[in-house]
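So for the sequence shown, our numbering puts the first residue at 2; every next one is plus one. Where is the CB? At the ideal position from N, CA and C, for every residue including glycine. A short write-up of the structure that comes next.
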Amino acid sequence: MKNIALKICYDGTNYHGWQYQQNGLTVQETIETAIKKATGEQIRVTGCSRTDAGVHALEYILNFRSGTRIPAERLPYALNFYLPNDISAQEAWEAPEDFSARFSVKGKRYIYKILNHVFKNPFLSKYSWHFPYPLDLEKINRAAAAFEGKHDFRGFMASGGQQRTTVRTVRACFAERTAPDLITVTVEADAFLYNMVRIIVGTLADAGSGKLDPDALPALIASGDRRLGGITAPPQGLFLQKVYL
Numbered sequence: 002m003k004n005i006a007l008k009i010c011y012d013g014t015n016y017h018g019w020q021y022q023q024n025g026l027t028v029q030e031t032i033e034t035a036i037k038k039a040t041g042e043q044i045r046v047t048g049c050s051r052t053d054a055g056v057h058a059l060e061y062i063l064n065f066r067s068g069t070r071i072p073a074e075r076l077p078y079a080l081n082f083y084l085p086n087d088i089s090a091q092e093a094w095e096a097p098e099d100f101s102a103r104f105s106v107k108g109k110r111y112i113y114k115i116l117n118h119v120f121k122n123p124f125l126s127k128y129s130w131h132f133p134y135p136l137d138l139e140k141i142n143r144a145a146a147a148f149e150g151k152h153d154f155r156g157f158m159a160s161g162g163q164q165r166t167t168v169r170t171v172r173a174c175f176a177e178r179t180a181p182d183l184i185t186v187t188v189e190a191d192a193f194l195y196n197m198v199r200i201i202v203g204t205l206a207d208a209g210s211g212k213l214d215p216d217a218l219p220a221l222i223a224s225g226d227r228r229l230g231g232i233t234a235p236p237q238g239l240f241l242q243k244v245y246l
């Protein structure tokens, strides 16, 4: 049996997140169905992240064990024949025996897109958070700088998170205007808590709109009090951009 690593990308709009569920179609189930059709094998894949319903991935890594005779580098061609248009296999390779997409990952980078305009845009509604109030980019970045470094992020985790430790190291956190009405927030870390990026973005929106003093962020993070942070930003603006192996 070979340990196959697979890189994919997907639009999460039509899925109930990555992880298999009995009550809704997921990306994992769709990938496993395509693998069964391509190889004849009923397998369970391991993913690098449990993205929520509506969240997208520009790069996502998974692995699975297979006895298929299809060369690893040809698997994307076979899988894409059976995958829907909103999921694409990009690359596959035979990984070391001990490789796990869940445990071998050294870090991830997420981006979050905010449409900062008084009116909504129907062409961006599935891929951004429509925030109709003015946002001050300088204030957002002052607040964002406080997230960088090693901190206990227990105040930036939604209920239901099951991680054994809430300490994470954020390597980068910043915002930039990538279009006249579009702000993109980048957050890169060794690992993330449940909804951590979306809560960070909601808090940065509070700082950028004047609801929260950017200089208060260090104390807010240290408090560990979820009630002091911003809302959990909606899922459709979030993209898993890079997985570090």
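Does residue i pass the burial test, meaning 16 or more other C-beta atoms within 10 Å, or should it be called exposed?
i: tyrosine 78; result: exposed
i: glutamate 33; result: buried
i: valine 188; result: buried
i: methionine 2; result: exposed
i: glutamine 237; result: buried
i: lysine 212; result: exposed
i: aspartate 99; result: exposed
Here's a check: name, in chain order, each residue in its chain whose Cβ is nearer than 6 angstroms to the Cβ of residue i, leaving out the five neighbours to either side.
i: aspartate 12; result: His57 and Asp87
i: asparagine 117; result: Phe132, Leu136, Asp182 and Ile184
i: leucine 221; result: Leu229
i: arginine 273; result: Nothing about residue 273 can be reported from this structure: the residues present for the chain run from 2 to 246 only.
Thinking residue i and residue j are a contact (beta carbons under 8 angstroms), I'd like their distance in whole angstroms, please.
i: glycine 230; j: isoleucine 200; result: 6 angstroms
i: cysteine 10; j: glutamate 92; result: Rounded, the Cβ-Cβ distance is 10 angstroms, inconsistent with contact.
i: tyrosine 245; j: valine 46; result: No, tyrosine 245 and valine 46 are not in contact; Cβ-Cβ is about 20 angstroms, not under 8 angstroms.
i: alanine 147; j: arginine 169; result: So it is not a contact: roughly 14 angstroms between Cβ atoms.
i: phenylalanine 175; j: alanine 145; result: 5 angstroms
State the start and end residues of the unbroken alpha helix (DSSP H) segment that holds residue i.
i: asparagine 142; result: 138-146
i: valine 168; result: Valine 168 -> not in any alpha helix (DSSP H); beta strand (DSSP E) instead, spanning 168-180.
i: glutamine 29; result: 28-40
i: threonine 204; result: 197-209
i: alanine 223; result: 218-224
i: asparagine 81; result: 76-83
Quick one: residues in its chain with C-beta nearer than 7 angstroms to the C-beta of residue i, no 5 flanking neighbours on either side, listed in chain order?
i: threonine 52; result: Gly13, Gly18, Trp19, Ala58 and Leu241
Measure the Cβ-Cβ separation of residue i and residue j and say whether it is below 7 angstroms.
i: leucine 239; j: tyrosine 113; result: yes
i: isoleucine 62; j: cysteine 49; result: yes
Leaving aside the five residues before and after residue i along the sequence, list all residues of the same chain whose C-beta is less than 8 angstroms from its C-beta, in chain order.
i: threonine 31; result: Tyr16, Leu84, Pro85 and Ile88
i: aspartate 216; result: Arg143
i: serine 101; result: Thr47 and Asn64
For the beta strand (DSSP E) containing residue i, name the first residue and the last one.
i: tyrosine 113; result: 108-116
i: cysteine 1; result: Lying before the first or after the last residue shown, residue 1 is absent from the chain, which here runs from 2 to 246.
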